[in-house]
Amino acid sequence: MPDYLPHTEDELAQMLAFLGLSSLDELFAAVPEALRLGRGLALADGSPEPDVLARMEALGDANRARADRLVCFAGGGAYDHEVPPVVRALAGRSEFVTSYTPYQPEVAQGVLQAIFEFQTMVARLAGLPVANASLYDGASALVEGVNLGVAASGRHTVWLSSGVAPHWRAVLKTFAAGTGHVVVDAALHRGLTVWPEVPADGEAPGVLVVGYPNYLGCLEDLAAARQICDATGALLVVAADPVAAALLRSPGECGADVVVGEGQPLGTALSFGGPYLGLFAVAERHVRRLPGRLVGETVDIEGTRAYVTTLRAREQDIRREKATSNVCTNQTLMAVYAAVQLGWLGTSGLREVALRCARGTRFCRESMLALSGIEPLTADTPTLREFAVRTPIPGRVAIERLADEGYLGGLALADLIGEDGDPSVAPGDAVHGLLVAVTERRTRSEVEGFVRTLDKVVR
Amino acid sequence: MSAAGGRAASAPLMGGESEPTLFELSQPGRSSWQLRTTGMPEWDVDELVPASHRRVAPVPLAEVSERDLVGHFTRLSHRQFSVDLGAYPLGSCTMKYNPKLCDTVAALPGLAAVHPGAPASLTQGWLQILVELEEALCEVTGMAAATLQPAAGAAGELTGLLLMRAYHSARGESRHRVIIPDSAHGTNPASVTLGGYETVTVPSAARGCVDLAALRSVLDTDVAGIMLTNPNTLGLFEEDIEAIAAAIHEVGGLLYYDGANLNAILGVVRPGDMGFDIVHMNLHKTFATPHGGGGPGAGPVAVSPRLVDFLPGPRPVRSAPGAADEFGYMTPPHSIGRIHSWHGNALVLARALAYMQVHGGDGLRRVAERAVLNANWIRRRLAGSYDVPFDRPCMHEVVLSAATLRKKFGTKALDVAKRLLEFGFHSPTVYFPLIVDEALMIEPTETESLQTLEALAEALETIAAEAAAGEPLDEAPHSTPVRRVDEARAARTLVPTFDAR
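Chains as they are written, first to last, in the numbering used here: chain C, 1 to 459; chain B, 460 to 960.
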């Protein structure tokens, strides 16, 4: 019977005797007899580790969409970036992996300082002074950003650009059922947001949310969004990409009150979608509404520099039903991965990654649009890592055929927004749309092979 | 007698200096990155990004060599207590040993390198893992179906409350209140608020369980449900659970099970059989996926048959049993919608399945037995040195109190917690649950040996004796990388980044 339990038979007997019990069953005397299971759990018998590992390997082999087997052009919020051995080795250290929330700062300086460094780098990327220790994922960061915006503006109408990642928009709407926010979709025209007119009567928005770049890869006009915020008193929440941020004016500089983002591109493997991490940064004036954990620098009683979780009075274990967020744990380990990855990349490396993404994306997009039958889905704006095209065959069919030829050829738009489309893309385009991402890991010959193959499979 | 394997007092920590930040280690012009050779056209940035959008200067990050990067984070790791280093009896958090097997599983390229947006036909292995995990979790909890999307316990709570809301709405009912015992986790009331409900707090009776009369007095058809942790945060099994369930169901409410303490009852009793309708599990606790310094966790939510149609979607399911592509996705007809960017914390979910497969049904029951045995051993052993506010058999954890130590000698629970660090153990949870004065909540978990329990108990007994002898415990700890930190200063003069210094 394999397990990880240390008790010997003698020790079990000794411990039971110490408690005055004669069997392990008696430990559960408080559980009413009628409720007890009265049988074993209907699960397979335990298996030794090597057998379990072999089975898991076999299940892994049953996944064809592996970035180590298919050349990956899929994105949509999850990208195949370089994660070097040094990042895996450091962030994977068991001291980071097997600790918990730093409740005892005296013995948790390692995690606390790593988070402090993470917060510093996220704040610099966002162009805002304060970043938290992370949230669950991009979608949860968006939800918390909107909650903050509604609380700060005092108005619960949210203008949501349809250029924000479709799954994030869906998550925001799920949680709005509890908070009562009124979400108004702002449609895209040729890939760029068309904001509604501010109503003369009726409620002005409390929050505007816009993607930068948006999920179709287009660069939105943040100044236009900021103008609406200035006119109405709404907060501007920018869903920003942390890699593109290396080339773009920061959202903070463009007037964002809150910057949210998906941190997966910073050192986290594709991981079938999780665990990832939500990035969250705010302007100084909103710091008391910040959700999640925040680490601050201080000193110990001898004056030695030390780090500690701070502004704890915001958190739900103290505020309970008056808390504005229920987030307790976050994704600290992924934040450590991001801190190490950003440390490895440094100033020049992050810029180089973003630049290579932009070069590869332009090369791929121009090569694809040179094919007959492949049309752009958006206006001809620059795209930095991702772009959308229309193919002669349904996107889903293209993905299946490309997989047979060795490529994960992007994402079918229909898989993200449904075949009927949504305010971001027209119905016919949804069925035939393909969202293609090109990271710094894609070589020229891979892109050329991919484009040749696409040309073949869409005929 | 053999030595305690879970005592970390031998861990060597070199020197007493602070570790500089990455930014202080930076030297302009230094770098460590290496990227693939791509052969792409080398367009300049001004050919790629229009001036109106283009950043003027690069984002300033640290510039360090790979060697310095390794030194820095390795030294940081040496300033961090962890389960791998020693026993971590942090009540309510279930800091059990995390098998290395699961790290290996989570690193398998066949799992870690899979894109979440790929169609079901290309991700059959992953979908099988998720479906098998859902089935196993339903068997353990006695429920009908589950969503694996919630990324943490609190996310599971909010999901559960939205399920409750959707269920009542579908029946044309608008209910406004959710009941929570005063011993509940702080996330419960916060989740209730975000779920659009009002919290009604009910007191615990003298025996530490829900006061049934007080509960009945607040019940009416405006009550959407109750959130209960069972065993509760005092480590006690809610003995009246059948009566509680009957009373809630009688007014049309639902029972929500906070699975924070599920470790205590694996294979013994199931939330579904107790009458619960919605159950969240903390896989990072019960199924040993590591806590990662404060996440990632995973908080799947399982439900009874009448709530299945409301579950978040899309759900991995066996869509075509026996076919080549056996697994697919299905969105329930009245789904509350999506609650995660993708499918939940997938690699955490795979770890949990591997853990469950090693143990099997019998093994999970042994986990609960040993966890409860260890907690009761600690309770009995320390009953002479500390107050035991509810001195009867506990489940997986025991809540002690330093109230007498404080009254007689001025030693607070916090002092005990800080002094314990110097003995090579992590502190228990302190000042929780709120209804116990000077609470010290100890959860040894099943993976600590009798020798480790003895060493832990001896350390706590020594501390109690030191308090009686008038030693200045409020100055502890001395030997840790930093001493007690100035939390008030951290909040007053906020320095959340290196740039705010």
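Glycine included, each C-beta is placed from N, C-alpha and C at the ideal position.
Please read these numbers as outputs of a predicted model, since none were measured by experiment.
In this structure, DSSP gives Ala510 of chain B a state outside helix and strand, which the three-state scheme calls coil. Beyond the five residues adjoining it in sequence on each side, Asp933 of chain B comes within less than 6 Å, by CB distance, of Asp874 in the same chain, given in chain order.
Of the residues C:Thr298, C:Ala231, C:Lys322, C:Val143, the one whose Cα lies closest to the Cα of Val659 of chain B is C:Lys322.
If you check the CB distance, Gly191 of chain C and Thr361 of chain C do not come in under 9 Å. Remark: fewer than three beta-carbon pairs, one from each stretch, lie closer than 8 Å, so the region 90–99 of chain C and the region 441–455 of chain C are not flagged as touching.
CA-to-CA, the gap between Ala827 of chain B and Ala834 of chain B works out to about 11 Å. Shown here for Tyr656 of chain B: same chain residues with a beta carbon closer than 7 Å to its own, the five before and five after excluded, namely Leu620, His635, Arg636, Val637, Ala683 in chain order. Counted as a single uninterrupted DSSP element, the alpha helix (DSSP H) harbouring Leu912 of chain B occupies residues 909–927. Considered as a whole, the region 568–622 of chain B harbours 568–571, 583–600 as its complete alpha helix (DSSP H) runs of no fewer than 4 residues, in chain order. DSSP places Ser551 of chain B outside both helix and strand once states are collapsed to three, so it counts as coil. Pro771 of chain B has its alpha-carbon roughly 23 Å from the corresponding atom of Thr745 of chain B. Neighbours of Ala959 of chain B in chain C, taken as residues whose beta carbon is under 9 Å from its own, are Thr120, Ala123, Pro129, Val130, Gly296, Glu297 in chain order. Judged by DSSP in its simplified three-state form, Pro775 of chain B adopts strand.
The distance from the Cβ of His644 of chain B to that of Thr692 of chain B is about 7 Å, consistent with a contact at the 8 Å cut-off. Residue-level contact by beta carbon fails for His432 of chain C and chain B, as no gap is shorter than 9 Å. When DSSP states are grouped into helix, strand and coil, Glu657 of chain B belongs to the strand group.
Here DSSP, grouped into helix, strand and coil, assigns Gly787 of chain B to strand. In the structure shown, Cys668 of chain B falls within a coil segment according to DSSP collapsed to helix, strand and coil. C-alpha of Ile922 of chain B to C-alpha of Glu930 of chain B: approximately 9 Å in a straight line. At least one CB of chain C lies nearer than 9 Å to the CB of Glu828 of chain B. Among the residues of chain B, none has a CB under 9 Å from the CB of Val184 of chain C; the nearest is roughly 17 Å distant. Burial state of Thr101 of chain C is buried, judged by a 10 Å Cβ sphere holding 16 or more other Cβ atoms. Residue-level contact check: Phe387 of chain C does not touch chain B, since none of the beta carbons of chain B fall below 9 Å from its beta carbon.
Within a 10 Å sphere around the beta-carbon of Ile301 of chain C sit fewer than 16 other beta-carbons, which makes this residue exposed.
Contacts with chain B at 9 Å (Cβ-Cβ) do not include Asn214 of chain C. The three-state secondary structure of Glu95 of chain C, taken from DSSP, is helix. Counting C-beta pairs with one atom in each stretch, the region 835–847 of chain B and the region 675–689 of chain B have fewer than three that are closer than 8 Å, which means they do not touch. For the C-beta of Pro780 of chain B, not a single chain C residue is nearer than 9 Å; the gap to the nearest is close to 16 Å. In terms of beta-carbon proximity, Asn557 of chain B lines the interface with chain C, with at least one pair separated by less than 9 Å. The beta carbons of Gly410 of chain C and Val436 of chain C sit about 4 Å from each other, so the pair counts as a contact at 8 Å. Rounded to the nearest whole angstrom, the C-alpha separation of Ala426 of chain C and Asp420 of chain C is 8 Å. Within chain B, His574 have C-beta atoms less than 8 Å from the C-beta of Cys72 of chain C, given in sequence order. The alpha-carbon of Glu386 of chain C is positioned some 7 Å away from that of Gly75 of chain C. Around Thr921 of chain B, no beta-carbon contact reaches into chain C at under 9 Å, the shortest distance being about 19 Å.
Taking a contact to require three or more Cβ pairs closer than 8 Å, the region 286–298 of chain C and the region 265–277 of chain C do not qualify as touching.
The beta carbon of Val122 of chain C sits closer than 7 Å to the beta carbons of Ala131, Leu279, Ala281 from its chain, once the five residues preceding and following it are set aside; these are given in chain order.
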